[in-house]
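See below for the structure under consideration.
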Amino acid sequence: FENVVGLKSMKNGGVLEAILLNLSDLGFKSTYEVLNTADYGVPQARPRVIIIGRSDNGELSFPAPTHFKNDDNQESLDLKIYKQKYATVSDAFAGLPEIRQGEGEEEVEITINSKNEFIKNILGSRRKGKLFNHRATKHSCDVQNRYDNMEEGKDGSCLPLALQTKKTNYFRLSQNQPSR
-17 FENVVGLKSM KNGGVLEAIL LNLSDLGFKS TYEVLNTADY GVPQARPRVI
33 IIGRSDNGEL SFPAPTHFKN DDNQESLDLK IYKQKYATVS DAFAGLPEIR
83 QGEGEEEVEI TINSKNEFIK NILGSRRKGK LFNHRATKHS CDVQNRYDNM
133 EEGKDGSCLP LALQTKKTNY FRLSQNQPSR
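Quick note on numbering: the sequence shown equals residues -17 to 162 in the numbering used here.
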């Protein structure tokens, strides 16, 4: 089971406690931990509450991270511990058919001869040659203008005042990092 980190504080921890209690009532020994999805090959650096459980008396343990942050200063140390660098935004889009805003299809026939491990893993072998839900949002001219004027990896606070909005939770992804 996975959910947002806010699950830990909902109703002062009561929601998480209720989930764990319900699992126990169903005969499961369970535990939780907050894990960063990027540490496991997802091209999004997003902390998630992960709950695992077992119905037998076996040991509960979370898997060790398989990926590490793309930081050249740490690379030699991290390569000894982890297998791969974080998957990036660029990795996630490598070899996909280009679409413009508002374009896309529910199902697309594709051929990707990529050396990109992320793309190979995500496409898998279930429906080879099929890509699903390859669509881009259609933004208003104002939103397009904001993103055109925003530096890669920055949020809306870097924009000229005339382009800023009351919201601050929008940003332009950095191609060489996992998304947020």
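Using N, Cα and C, we set each Cβ at its ideal position, and we do this for glycine too.
It should be emphasised that the depicted structure is a prediction, and the values quoted were computed from it without experimental measurement.
Are PRO47 and ASP21 touching if we call contact CB-CB under 7 Å? For PRO47 and ASP21, yes; Cβs fall inside 7 Å.
Under the DSSP definition of a beta bridge, which residues are partnered with GLN26? Looking at the DSSP output, GLN26 sits in a beta bridge with SER161.
Could you spell out the range, first to last residue, of the alpha helix (DSSP H) harbouring SER122? Looking at the DSSP string, SER122 is not in any alpha helix (DSSP H), and its letter there is neither H nor E.
Name the DSSP bridge partner or partners of THR70? The partner list for THR70 (beta bridge, DSSP) is empty, contrary to what the question assumes.
Check each candidate in ASP38, PHE75, ASN98, GLY40 and name the one with the smallest Cα separation from GLN66. Ranking ASP38, PHE75, ASN98, GLY40 by Cα distance to GLN66 puts ASN98 first.
Inter-stretch contact at 8 Å, needing at least 3 Cβ pairs: the region 29 to 44 / the region 81 to 95: The answer is no - the region 81 to 95 does not touch the region 29 to 44, with fewer than three Cβ pairs under 8 Å.
Starting from the C-beta of ARG137, find all residues in its chain whose C-beta is less than 6 Å away, skip the five residues before and the five after it, and write them out in chain order. Position check: residue 137 holds Asp in this sequence, whereas Arg was assumed. So the list reads PHE153, once near-sequence residues are dropped.
Own chain, CB closer than 7 Å to PHE10, minus 5 neighbours either side, in chain order: Within the same chain, PHE10 has close Cβ partners GLY35, ARG36, SER37.
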